[in-house]
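Student:
Numbering (the working numbering), first residue to last: 14 to 115.
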């Protein structure tokens with residue numbers, strides 16, 4: 014079972030990467046409106062792949078930014094799907110271990 018310190022680190026990482034992802038989307042939208050140098054789509058996708066999918070999706074729909082852009086939207090949904098499947102698999106294994114090892 015993970016220690017409290019590890020669990021805290023995971024939560025803090027998740028909060029930080031999702032905030033970074035959300036802020037990157039917001040900055041990119043600001044840059045787009047003001048004809049400034051934009052944040053690359055690759056950077057936005059890397060932030061999402063690093064765990065910032067919640068922040069990316071909230072920003073995408075909350076700011077109405079990159080909601081129709083293809084293939085960006087498809088890539089983001091693939092990343093979200095892979096992470097959701099991984100989370101479900103992780104939880105299933107933990108639940109299985111909790112049930113059968115007690």
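Even for Gly, the Cβ is constructed at its ideal location relative to N, Cα and C.
Taking C-beta to C-beta, are residue 62 and residue 92 nearer than 8 Å?
Tutor: The residue you call residue 62 lines up with position 49 of the chain shown. The residue you call residue 92 lines up with position 79 of the chain shown. Yes; because the gap between Cβ atoms is below 8 Å, this pair is in contact.
Student: With residue 103 and residue 69 assumed to form a contact (beta carbons below 8 Å), what rounded beta-carbon distance in angstroms separates them?
Tutor: Translated into positions along the chain shown, residue 103 becomes position 90. Translated into positions along the chain shown, residue 69 becomes position 56. That pair is no contact at about 20 Å.
Student: Go through its chain and collect everything with a Cβ distance to residue 27's Cβ below 7 Å, but skip five positions before and after it.
Tutor: The residue you call residue 27 lines up with position 14 of the chain shown. 64.
Student: Quick one: what's got a C-beta closer than 7 Å to residue 85's C-beta in the same chain, skipping five residues either side?
Tutor: Within the chain shown, the letter at position 72 stands for residue 85. So the list reads 54 and 79, once near-sequence residues are dropped.
Student: Given a cut-off of 8 Å on the beta-carbon distance, is the pair residue 160 and residue 34 in contact?
Tutor: Given that the chain is displayed from residue 14 to residue 115, the structure contains no residue 160 and the question cannot be resolved.
Student: Let me know the secondary structure DSSP gives residue 51 once reduced to three states.
Tutor: The residue you call residue 51 lines up with position 38 of the chain shown. It is coil, neither helix nor strand.
Student: Could you spell out the range, first to last residue, of the alpha helix (DSSP H) harbouring residue 75?
Tutor: For the purposes of this step, residue 75 is taken as the residue at position 62 of the chain shown. 66-75 is the span of the alpha helix (DSSP H), which, as asked, contains residue 75.
Student: Quick one: what does DSSP say residue 83 is sitting in, helix, strand or coil?
Tutor: For the purposes of this step, residue 83 is taken as the residue at position 70 of the chain shown. If DSSP states are grouped into helix, strand and coil, residue 83 belongs with coil.
Student: So what does DSSP say about residue 109, is it helix, strand or coil?
Tutor: Start at 1 with the first residue of the chain shown, and residue 109 comes out as number 96. Reduced to three states, the DSSP call for residue 109 is helix.
Student: Where do the ends of the alpha helix (DSSP H) carrying residue 114 lie?
Tutor: Position 101 of the chain shown, counted from the start, is the residue given in the question as residue 114. From DSSP, residue 114 is part of no alpha helix (DSSP H); its letter is neither H nor E.
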